[in-house]
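Numbering (this note's numbering), first residue to last: 58 to 221.
See structure below.
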């Protein structure tokens, strides 16, 4: 679900920041206990494990990340990159696109989308498990559970100083 001014604000923000690719994590609609228990860890995990905010200055492909629920490209950049055809066969196409963009010298930025974009990603434990494993496996290999929880704890400690 897009807020009525989301498209206009996206174009304006991309122009103001000179972003070539814009992504971010939308507000997650969570209707079931399974969603409420697990989905908050996505935002926390992204902050802890992938400090994508550093990419504005460092521009390291390994730090580049995008969220397929919301991706905006400058048309010329998307065409130059080859679009989704350029990452065909990748398990996580959105992240592959972000990393390709950074490798090619484009600026990939993130915005806080929670007030303008809302999505419902999963509706059951089975979908959540399948989605988490699909998205985490390429990052951590067989160490998904321990790496994910370690990252979440590190991220939580940055928000809760008493945990550190």
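All C-beta atoms, glycine included, are put in the ideal place defined by N, C-alpha and C.
field: Whole runs of the alpha helix (DSSP H) within the segment 106-144, excluding any shorter than 4 residues
entry: 112-115 and 132-138
- prompt: Does DSSP put residue 227 in a helix, a strand or coil?
  reply: Outside the shown range of the chain (58 to 221) lies residue 227, about which nothing can therefore be said.
message: Here's the rule: buried if 16 or more other CB atoms are within 10 angstroms of the residue's CB, otherwise exposed. What is residue 92?
response: Here residue 92 is taken as the residue at index 35 of the chain shown, counted from 1. Classification of residue 92: buried, given that the 10 Å Cβ count is 16 or more.
- prompt: Grouping DSSP H, G and I as helix and E and B as strand, with all else coil, what is residue 164?
  reply: Reading the chain shown from its first residue, position 107 is the one you call residue 164. If DSSP states are grouped into helix, strand and coil, residue 164 belongs with coil.
- prompt: Looking only at DSSP bridge pairs, what is residue 187 linked to?
  reply: Within the chain shown, the letter at position 130 stands for residue 187. The partner list for residue 187 (beta bridge, DSSP) is empty, contrary to what the question assumes.
Beta-carbon contacts of residue 121 that lie in its chain and below 6 Å, excluding the five residues immediately before and after: Counted from its first residue, the chain shown places residue 121 at position 64. Cβ within range, chain order: 112, 155, 156, 159 and 165.
- prompt: Cα separation between residue 177 and residue 168?
  reply: To locate residue 177, count along the chain shown from 1; it is residue 120. To locate residue 168, count along the chain shown from 1; it is residue 111. Cα-Cα distance, rounded: 18 Å.
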